[in-house]
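In our numbering, the protein residues as written are 9 to 295. All residues carry an ideal CB built from backbone N, CA and C; glycine is no exception. Notes follow the structure.
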């Protein structure tokens, strides 16, 4: 029986998450939550099995060393690949976790603008745990200032947020803006919340942690495609195929920019501005 490759495992998880989103949007929220929780547990269990296999191969490597033999390059390659897959599966748990938290938290009694803050607190704690548990180097995952030669790219991607935000608004037409007017204090607070609760949070997860992990394991363009597809399918709940296509397009541009610049700064600003246009500027100005 042919062994399933690492890339095929990731494709299976992508399909499962897509299925969970379809169930959530078109069958019932409760059923969707159950599917997402099942995926979350499956990722943890799978990662555990891979880690056990890695430990077994490590023991074989130690046996070679005790016998004063040099471990084969194949053995070292197997250990490295298993470690990469186990690490990626743990990081991937953040994707279903986003949806589980957004669906199960009792947010009805809070203003909509506060929803982002409440959900983001739990997600940031999860991100911190993953980073510490995996001993991830933050600079390698986009936590760095852009180089001088990349400043024009960063400015360009930030400015693209304006047409992107308008296009998404025209597709989705959110019923009410997050704030009632452009008053200074309310506007600044809303922008800060959208920055922390959407732009920075989602870019850390998708273009920071997941993109680096998938690119290291699958190669640059396959990794970019996987993360972009994952980012897009998590928007199925907006009940618009056109919006999923737009998000796929935007996410693909963000992924390429991060691959080029090695920083998530520009895409974080752009992502925040898209949501500011979508949830504040357009609803208050385009009637």
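For the alpha helix (DSSP H) holding residue i, just list the boundary residues, first then last.
{"i": "residue 111", "result": "102-112"}
{"i": "residue 134", "result": "120-142"}
{"i": "residue 145", "result": "No alpha helix (DSSP H) contains residue 145, which DSSP labels as neither H nor E."}
{"i": "residue 233", "result": "228-241"}
{"i": "residue 280", "result": "273-284"}
{"i": "residue 204", "result": "Note, residue 204: premise wrong, no alpha helix (DSSP H); not H, not E."}
{"i": "residue 268", "result": "249-269"}
{"i": "residue 245", "result": "Unbroken run through residue 245: none, as it is neither H nor E."}
{"i": "residue 32", "result": "14-34"}
{"i": "residue 293", "result": "290-293"}
Can the beta-carbon of residue i be found closer than 7 Å to that of residue j?
{"i": "residue 150", "j": "residue 272", "result": "yes"}
{"i": "residue 100", "j": "residue 144", "result": "no"}
{"i": "residue 294", "j": "residue 179", "result": "no"}
{"i": "residue 165", "j": "residue 265", "result": "yes"}
{"i": "residue 18", "j": "residue 185", "result": "no"}
{"i": "residue 4", "j": "residue 131", "result": "Here the chain has residues from 9 to 295 only, and residue 4 is not among them."}
{"i": "residue 226", "j": "residue 40", "result": "no"}
{"i": "residue 37", "j": "residue 111", "result": "yes"}
What residues in its chain sit with their C-beta under 8 Å from that of residue i, if we drop five residues either side in the sequence?
{"i": "residue 3", "result": "With the chain represented from 9 up to 295, any question about residue 3 goes unanswered, as that position is not in the structure."}
{"i": "residue 47", "result": "21, 24, 25, 28, 104"}
{"i": "residue 142", "result": "95, 98, 99"}
Which value, in whole angstroms, describes the spacing of the CA atoms of residue i and residue j?
{"i": "residue 98", "j": "residue 49", "result": "10 Å"}
{"i": "residue 133", "j": "residue 260", "result": "27 Å"}
{"i": "residue 121", "j": "residue 140", "result": "30 Å"}
{"i": "residue 285", "j": "residue 245", "result": "20 Å"}
{"i": "residue 58", "j": "residue 222", "result": "16 Å"}
{"i": "residue 55", "j": "residue 90", "result": "9 Å"}
{"i": "residue 95", "j": "residue 155", "result": "29 Å"}
{"i": "residue 93", "j": "residue 13", "result": "10 Å"}
{"i": "residue 234", "j": "residue 22", "result": "8 Å"}
{"i": "residue 126", "j": "residue 113", "result": "9 Å"}
{"i": "residue 282", "j": "residue 152", "result": "22 Å"}
{"i": "residue 229", "j": "residue 270", "result": "15 Å"}
{"i": "residue 30", "j": "residue 256", "result": "16 Å"}
{"i": "residue 278", "j": "residue 258", "result": "10 Å"}
{"i": "residue 157", "j": "residue 147", "result": "18 Å"}
{"i": "residue 182", "j": "residue 189", "result": "16 Å"}
{"i": "residue 192", "j": "residue 119", "result": "18 Å"}
{"i": "residue 138", "j": "residue 53", "result": "16 Å"}
{"i": "residue 160", "j": "residue 35", "result": "45 Å"}
{"i": "residue 196", "j": "residue 60", "result": "49 Å"}
Once the 5 residues before and after residue i are set aside, which same chain residues still bring their CB inside 7 Å of it?
{"i": "residue 290", "result": "173, 174, 177"}
{"i": "residue 124", "result": "201, 202, 205, 206"}
{"i": "residue 275", "result": "165, 211, 215, 262, 265, 266"}
{"i": "residue 128", "result": "204, 205, 209"}
{"i": "residue 198", "result": "121, 186, 187, 288"}
{"i": "residue 254", "result": "175, 176, 179"}
Near residue i, which residues of its chain fall below 6 Å by C-beta distance, leaving aside the five closest residues on each side in sequence?
{"i": "residue 107", "result": "44"}
{"i": "residue 280", "result": "202, 203, 207"}
{"i": "residue 194", "result": "187"}
{"i": "residue 109", "result": "127, 130"}
Complete runs of the alpha helix (DSSP H) confined to the segment 148-180 [at least 4 residues]: Runs of the alpha helix (DSSP H) inside the segment 148-180: 159-167, 169-180.
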